[in-house]
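My numbering applies: residue 14 is where the sequence shown begins, and numbers increase by one.
For glycine and all other residues, C-beta sits at the position ideal for the given N, C-alpha and C.
This one's a predicted model, so the numbers in the text were calculated from it and none came from an experiment.
Remarks on the structure that follows.
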Amino acid sequence: MGPDFQPDVPLTEVLLYGVFNPATIAVAYMLGKRADDKAKIMIAGFGGAAAGVGVLYVLALLRLWDAPTLGRAAAGVFIVSLVAGSIYAAIGYAMKGRTGGEK
Numbered sequence: 014m015g016p017d018f019q020p021d022v023p024l025t026e027v028l029l030y031g032v033f034n035p036a037t038i039a040v041a042y043m044l045g046k047r048a049d050d051k052a053k054i055m056i057a058g059f060g061g062a063a064a065g066v067g068v069l070y071v072l073a074l075l076r077l078w079d080a081p082t083l084g085r086a087a088a089g090v091f092i093v094s095l096v097a098g099s100i101y102a103a104i105g106y107a108m109k110g111r112t113g114g115e116k
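In structure tokens:
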């Protein structure tokens with residue numbers, strides 16, 4: 014017996030909100046550029062995911078776009094944002110070495 018998916022929460026939108034959330038991208042990238050050790054990339058990804066879910070919460074609270082529906086799937090969006098945020102933070106960390114970022 015497989016998991017019972019709720020039909021009113023589209024999983025593709027959960028994935029898209031998690032991956033392409035501008036708050037997740039910006040915060041994770043900036044924190045990744047400031048990281049001074051590779052171990053801190055996951056922490057930067059967590060910060061980006063928290064910012065992305067925070068934006069989703071505000072959108073759900075204000076009932077903008079279709080965020081009220083996705084507000085029920087905030088945990089799923091957080092998990093996707095955590096993975097995507099870690100990737101964005103790793104990109105920021107890698108770009109620091111190329112652009113002569115500060116340590």
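Buried/exposed call for V71, threshold 16 Cβ in 10 Å: In the sequence shown, the residue the question calls residue 71 occupies position 58. Classification for V71: exposed.
Using a threshold of 8 Å, state whether the C-beta atoms of A87 and L75 are closer than that. If you number the sequence shown from 1, residue 87 lands on position 74. If you number the sequence shown from 1, residue 75 lands on position 62. Inclusion of A87 and L75 in the CB contact set at 8 Å is not warranted, their separation being larger than that value.
When you compare each of D50, L28, V22 and P23 to F91 by their alpha carbons, which one comes out closest? Translated into the one-based positions of the sequence shown, residue 91 becomes position 78. Answer by Cα proximity: L28.
Buried or exposed: which applies to L200, given that a residue is buried once 16 or more other Cβ atoms fall within 10 Å of its Cβ? Only positions 14 to 116 of the chain appear in this structure, which leaves residue 200 out of reach.
For F59, the nearest candidate out of E26, Y101 and K109 (CA to CA): Your numbering for residue 59 matches position 46 in the sequence shown. Nearest C-alpha to F59: Y101.
Closest by C-alpha distance to T37, when choosing among S99, K46 and L77: The count along the sequence shown starts at 1 and reaches residue 37 at position 24. Of the residues S99, K46 and L77, the one whose Cα lies closest to the Cα of T37 is S99.
Going by C-alpha to C-alpha distance, which of G89, A48 and I104 sits closest to A62? For this step, residue 62 is matched to residue 49 along the sequence shown. Of the candidates G89, A48 and I104, the one whose C-alpha sits nearest the C-alpha of A62 is G89.
As assigned by DSSP and simplified to three states, the class of F91: On the sequence shown, residue 91 is found 78 positions in, with the first residue counted as 1. Helix, per DSSP.
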